[in-house]
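This report refers to the structure that appears directly beneath it.
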Amino acid sequence: MDRPHSTPFPRVARTLRALTPRTLRFACAAATSSSIFFAAHTSAARTSETTASSSQAPADVSAPKSLVTGRVVRFFDFEEDAFNPDPVPQYWFRAQDDPRARARPGFPIWNEAQFSNTFARSGVASVMLPTDGGSTSLRLGAGVIPIFPSADYVVTAAIRTKGLRAARGCIAARLLDAEKNPITASEIRSETIESPLDWTPVSIKVPGRWPEAAYLQIDLELLQPAQFTSSTLLGRHTVWDEDISGAVYIDDVGVFQLPRVELTPTAPAGVVSAPDTVSFTGIVRDLTGEDLTAQLALRDIHGNVVDTHTIHLGPGGGELDWTPRITALGWYEASMHITTGPHIVGSSSCAVLAVPAFRHRANTSAPAGAVFTPPASQRHDVSMGLVLCAANEDQLSRTQDLLTKLNLHALTIPLVSNQSTFSYNFLKPILDRLLSSNTLITLWLPSLPSSLATDLRVDPTDAMILADHPEAQWLPFLHPLLDTFGQRITRWQIGIAPAIPTWRGPELSRRLSLLRDALERSIPDPRIALPWNSQVAWPNPAPPKNAALAADTLSLVVPASFSPAAAADAVRTWARQAPLGTELHAILQPLDSDVSIEDQITDLMQRTALIWRALEMGNENAGLRAQPRISLPDPFARQDSGSQHSDDPSPLVGVWANLNAHLVGRKVIAVLDNPSGLRCLLLSSPAPVIAGARPTGLIIAWADSSVSSAVLRGYFTAPESTLTAFDPFGNPSTVTPADSNGRYEITVGPTPILLEGVDSELARFSAGFEVSPNFVLAVAAVHEHEIILSNPWPVRITGEIHLPSQQIGVTNQPWRFTPTSPMPFSIAPGQQVRLPFAFSFSSGEEAGPRQLIANVKITADRPYPPMKLSAPITIGLNDIDMQVNVNLAPRTEGPDVVITATVINSGKSPRTLQVELVAAGESRQKLPVSNLGPGESAVRRFVIKNAAAKLSGKRIRCTLVDVDGLERLNKFVQAP
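Just so we're aligned, residue 7 is where the sequence shown starts under our numbering, counting upward by one.
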């Protein structure tokens, strides 16, 4: 095929000479810019790009002749002083707001782009885009750069700024058809740049997706915030900060033809269900005739290379298939670099999710290790779903496959995205397929299409404003959907969650009622959802608790800024305060993409687990209309606008599907937290269960933010059963007990683990073992307490408990228990028993937290092996405490050991005490503490001279004695 004819431009030889190796390598690096490499690879790729485009490129690096002659479509170095007397480069014009030529609000005509010799990346000249307020643009004429419609191109440039505070510089490109009309969907803009100290390279990839494309057009721009910042709550009423002086300088604008490179997963929606294999297909088309090689790599979610493959394609490219080797479920990114010699000339990447084989819980033929979810008959009681916030047509068309593979059955679909409306003809087959799979659909009008907003003369970001206009002016926009799906889709959500409430309570109710009345003409009993920000209080006055809200569903957006605990508290509060009969739909905003994916997953799992419990607690007396729902927004990967695959599944949606598979149909029946930083929830067995199978529960456990790890201890399975741990993506591993009696010790980190196969009753019984009271006075006397046992089984349990007589304290003196023989018990279902016992210990027993251990045998629906259970107790005094520290004091003969005791009286009456110090091989020391008043403290200091070497590593006892009583508080410290 012949190359499209390009308009001749002068000084071709000088332009090609100006195309230095650094520029060519920058273009090649830009060819890979659409690929998104995860974790550490991202940083490496960015470093490589920066180095490749540096002005300090090695002199011995040269580009192959084919790169110069075959891939350079056009290059503008703006060195035109010898032949161009105009103030702007040849073939370029000022694209400002001009009633005679074009309407461009925000680009005032007084801002005039022009040549400049102030800065130059190469040569002596560049283009300057100044501002005297407003934005500035310089545009390449239509028809200057003809292109192949199926080819991909990259546009590169270097940008520098001067005197800018709010404005930024960028480049933009679009494709034109044969009539030189813009193809709107093809327009793409680079990142905005502020670079006052040096030149910053930028690039944008222009994919050849439009068969009608004939030309490429480029804009060089200085943009004020109003032109590059996303819309705010105030919409068109926002007052933007902008610069009234300063400039953007742009130089070395190049256009390069890339090979057409496409890499796609063979699995629908990029989701592979085990045991199916992950595979990819690739297509490479090139018109330059260069010899091409494809280098493929698969990386896991941490950026580690899992597999690689190299295929020689030859001139023109070709097609390829690749099945990489993977050993674990999870999110993977595949990349394909196309090289000619040492140069990368094109690339493509895509993501794939490898997930478990989700099966219905009633499916007895499911393979071992399959994760079960409810049958279709129960799907309208789902608890987890997805929300498409800013979907495009590619994403919507893949949503059905995504939901099917991930076994999710609730979806919120926007009718408007970026103020453009999805057509009825496009939506109809998608909605039909979703409904046929029994998906719970909510249609969402987040904003108004620009055409409707223009007709109504309203802010398009305020969809609720439709209630202020006659139905005849806006309802026809919805008629096609209402006429076709009004009987089958009754859930509608209007507007977005406000950062600041714009209506008072009565006004909000009035608008919702008017919108309901309009929809009722086509929908029987419409379910209206009101989006709301969990940080925002109800509009004043709030509806009373016992009054129905005009909306049926409260779609509560939980911001990413909320910690897991704060998110759960907010949802619990809203669930309890929501007006009577309201359905609660919590939408969890994930952490920003600049946070590591590990932290994103950890946060999502913790928030989901805690909100799951919060919804149950909040629903107990809240009068909510239906089972609450939790949704994840944006299930597709957030990628660069130039990416070929903006519809890749995100890592979080794989985690979400795994949580759905384990949580659905379950309730939190116990909290097994402990003070050492362990967070642990025990969930019930789901229903239904396989006929004849023993129901098993689920444990979700993690270490809270105060510790890096924690240990989960207890009895969780019967001897013949298996405990299986699942990671965030559903990879199973068998957990073995720590001893022969079936006691587990499982170390967990911040990322929650899911433990399946739990004997819920056994776990609750062992975790519920406690001593009352659990505070033991530090007195050498007989202490009378009770053991509390509870029966979580649906049958009566019997057994016996024995407190071993040789239980040893830290002083190596045995504790003596009464009774000495085993204590029998019999407990009815759901009841508890209190067994009295007494014990004593020596006067030298150390104060502080301890574990009281008991041997327990039980028979419930089966006999269980003997268990060794422990309950926390604390030895101390109610109103007196002592803190002890040890240090060394230097001396010429050798360091002294200095012990400092701080005595604190938290009681209501004065106390007379004595502090005694005992160290091995040293004489006992005593110091009085006389008449220590309430709320007062006293410090006593002991010095053991020249004893550092002798006492090093040994324990020293400090005892606080009540002069008038039996209280003895022993604290130990270890000499350094």
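Every residue, glycine too, gets a C-beta built ideally from N, C-alpha and C.
Assignment of Asp640 by DSSP, reduced to helix, strand and coil, places it in the coil class. At a Cβ-Cβ threshold of 7 Å, Leu972 and Val782 do not count as neighbours. Leaving aside the five residues that flank Glu477 on each side, the residues in its chain whose CB is nearer than 6 Å to its CB run, in chain order, Ala524. Taking C-beta atoms as the reference points, Glu296 and Thr346 count as a pair closer than 7 Å. Of the other Cβ atoms in all chains shown, 16 or more fall within 10 Å of the Cβ of His343; this residue is therefore buried. For the 7 Å CB-CB criterion, Gly352 and Leu264 form a contact.
When Thr272, Ser796 and Ser540 are compared, the shortest CA-CA separation from Thr804 is found for Ser796. Comparing alpha carbon positions, the residue from Pro281, Leu957 and Ala615 closest to Asn737 is Pro281. Nearest C-alpha to Val290 among Ser156, Leu923 and Ala88: Ser156. Under the 10 Å beta carbon count, Gln541 is surrounded by fewer than 16 other beta carbons and is classified as exposed.
When C-alpha distances from Pro825 are compared across Glu792, Tyr255, Thr723 and Trp618, the shortest belongs to Glu792.
The continuous stretches of alpha helix (DSSP H) do not include Val254, which lies in the beta strand (DSSP E) extending over residues Ala253 to Leu264. As the crow flies, the alpha-carbon of Asp902 is around 40 Å from that of Ile859.
The way I'd put it, the stretch 867-878 does touch the stretch 719-734; three or more beta-carbon pairs between them come closer than 8 Å. Rounded to whole angstroms, the gap between the alpha carbons of Leu923 and Arg930 is 6 Å. In chain order, Lys960 place their CB closer than 6 Å to the CB of Ala926, counting only its own chain and leaving out the 5 sequence neighbours on each side. Contact check between the stretch 122-130 and the stretch 93-105: fewer than three CB pairs, one atom from each, fall below 8 Å, which does not count as touching. Boundaries of the beta strand (DSSP E) harbouring His791: His789 to Ser796, taken from the DSSP string.
Collapsing the DSSP output to three states places Lys956 in a helix. Counting C-beta pairs with one atom in each stretch, the stretch 588-602 and the stretch 734-754 have fewer than three that are closer than 8 Å, which means they do not touch. Taking a cut-off of 8 Å on C-beta distances, the stretch 250-262 touches the stretch 150-169, as three or more cross pairs fall below it.
Judged by their CB atoms, Ile593 and Ser637 are nearer to each other than the 7 Å cut-off. Straight-line spacing of the CA atoms in Leu182 and Ala148 works out to 8 Å. The beta strand (DSSP E) runs lying completely inside the stretch 869-928 and spanning 3 residues or more are 873-882, 886-895, 902-911 and 917-924, given in chain order. Between Thr333 and Leu228, the gap from beta carbon to beta carbon reaches 7 Å or more. Collapsing the DSSP output to three states places Asp225 in a strand. Taking Ala769 as reference, the option from Pro830, Val801, Asp733 and Cys686 with the minimal CA-CA separation is Cys686.
Trp480: member of the alpha helix (DSSP H) spanning Glu477 to Trp480, first to last residue. For Ala535, the uninterrupted beta strand (DSSP E) segment begins and ends at Arg533 to Asn539. At a Cβ-Cβ threshold of 7 Å, Thr753 and Ser691 do not count as neighbours.
DSSP places Pro274 outside any beta strand (DSSP E), giving it a letter other than H or E.
Boundaries around Gln406 are those of the alpha helix (DSSP H), Glu399 to Leu412, since no beta strand (DSSP E) includes it.
Annotated three-state conformation of His308 is coil, per DSSP.
Annotated as proximal: Ala981 and Val892, with beta-carbon spacing under 7 Å. Excluding its 5 nearest sequence neighbours in each direction, Leu938 has C-beta neighbours in its own chain below 8 Å: Val909, Asn911, Pro916, Arg917, Thr918, Leu919 and Ala944, listed in chain order.
If the five residues before and after Pro537 are omitted, its C-beta is found closer than 7 Å to the C-beta atoms of Gln499, Gly501, Ile502, Ala503, Ser561 and Val563, all from its own chain and listed in chain order.
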